[in-house]
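Asker: Numbering (this note's numbering), first residue to last: 1046 to 1297. Mind looking over this structure? Questions follow.
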Ligand code: 13P
């Protein structure tokens, strides 16, 4: 049985005070959602410490949205995996399409970030996904396969057993355009097959989350698909009730 996960990527939204309020509201409403769902919230670095205090004991875990590729040193403005882990965060989103696109993150950078994450016991939520033009050119499977081969294939079996993957088609992020449940399933099954070609049966255990305009009204249909194990939620994670309602998408 794979874990069911709903993770919120708050991106560069909320002040620390607002973030604490949001986290409190998620904690307050969590009891109304099946305990079978693992919730993770990923606030900006500046809120990690306070949000971790708020969710303590609630079963909700906290992740960062990025970490530095280097261990420590003269890297002005960077935040290391060790710093993040020392606060009590358990996860880190790596390879989000916004980081790939706006901050030039390549597979080479991401391999280094993966090393740092694992060295500090942070579980990576590794994002993959194609751009619209790539899908229209029929290259979406090749793009996603390369994103996996160039980074995930460098993990040891033990590291891989902890990994979470998020499939986020770039054309669906923040656009209101969701992949259909069938499109999501098709890609998730493909991803699992690529993972299995390297890691064998362990790939059956890897949670693969869908991200891209996921909301309460479409989560149930998407989560019903066999290879979709949850969601990485952007905009809808900023409203506690919507975020929690997405978690209810797993209820029959
Ligand atoms: P939206 O849910 O706002 O489309 O964002 C998805 C995403 O990028 C999560 O990482």
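For glycine and all other residues, C-beta sits at the position ideal for the given N, C-alpha and C.
Is it buried or exposed for residue 1047, if we count other Cβ within 10 angstroms and need 16 for buried?
Answerer: So residue 1047 counts as exposed.
Asker: Considering residue 1054, what are the terminal residues of the beta strand (DSSP E) in which it resides?
Answerer: 1049-1054
Asker: Return yes when at least one heavy atom of ligand 1 lies under 7 Å from the C-beta of residue 1278, else no.
Answerer: Yes, since a heavy atom of ligand 1 falls inside the 7 Å radius drawn around the Cβ of residue 1278.
Asker: Using a 10 Å radius around the Cβ and a threshold of 16 neighbouring Cβ atoms, would you call residue 1147 buried or exposed?
Answerer: exposed
Asker: Any idea which residues DSSP pairs residue 1083 with across the strands?
Answerer: Looking at the DSSP assignment, residue 1083 forms a beta bridge with 1050.
Asker: Sorry if obvious, but does the Cβ on residue 1256 come closer than 7 Å to a heavy atom of ligand 1?
Answerer: Within the cutoff, so yes.
Asker: Measure the CB-CB distance between residue 1247 and residue 1206 and report whether it falls below 8 Å.
Answerer: yes
Asker: Since residue 1168 contacts residue 1213 with CB under 8 Å, what's their CB separation in whole angstroms?
Answerer: So it is not a contact: roughly 17 Å between Cβ atoms.
Asker: Leaving out five residues on either side along the sequence, give the residues of the same chain with a beta carbon under 7 Å from the beta carbon of residue 1243.
Answerer: 1198
Asker: Quick one, are the C-beta atoms of residue 1156 and residue 1130 less than 8 Å apart?
Answerer: no
Asker: Tell me the rounded alpha-carbon separation between residue 1115 and residue 1275.
Answerer: Whole-angstrom Cα-Cα distance: 30 Å.
Asker: Nearest-angstrom Cα distance between residue 1071 and residue 1285?
Answerer: Straight-line measurement puts the Cα of residue 1285 at about 5 Å from the Cα of residue 1071.
Asker: Three-state secondary structure (DSSP) at residue 1147?
Answerer: helix
Asker: Using only alpha-carbon positions, find the residue among 1236, 1216, 1245 and 1185 that is nearest to residue 1201.
Answerer: 1245
Asker: Would you report the Cα separation of residue 1161 and residue 1187, rounded to the nearest angstrom?
Answerer: 27 Å
Asker: Relative to the alpha-carbon of residue 1074, which residue among 1287, 1231 and 1296 has its alpha-carbon at the smallest distance?
Answerer: 1287
Asker: Is residue 1285 helix, strand or coil when you go by DSSP?
Answerer: Residue 1285: helix per DSSP, three-state reduction.
Asker: Please report the straight-line C-alpha distance between residue 1079 and residue 1296, rounded to a whole angstrom.
Answerer: 7 Å
Asker: Would you kindly report the start and end of the unbroken alpha helix (DSSP H) that includes residue 1124?
Answerer: First-last for residue 1124: undefined, no H or E at that position.
Asker: Give the DSSP-derived three-state secondary structure of residue 1240 in the structure shown.
Answerer: Helix, per DSSP.
Asker: At which residue ranges does the region 1202-1283 contain complete beta strand (DSSP E) runs of 3 or more residues, listed in the order of the chain?
Answerer: 1209-1212, 1253-1255 and 1275-1278
Asker: Could you tell me how far apart the beta carbons of residue 1219 and residue 1279 are, in whole angstroms, since I believe they sit closer than 8 Å?
Answerer: 6 Å
Asker: With a CB to CB cut of under 8 Å and the five nearest residues on each side skipped, what residues in its chain are close to residue 1054?
Answerer: 1087, 1110, 1138, 1141, 1256, 1277, 1278, 1279 and 1282
Asker: Given 7 Å as the limit, tell me if residue 1129 has its C-beta closer than that to any heavy atom belonging to ligand 1.
Answerer: Incorrect: residue 1129 has no Cβ contact closer than 7 Å to ligand 1.
Asker: Leaving out five residues before and five after residue 1190 in sequence, what residues of the same chain have Cβ atoms less than 7 Å from its Cβ?
Answerer: 1239
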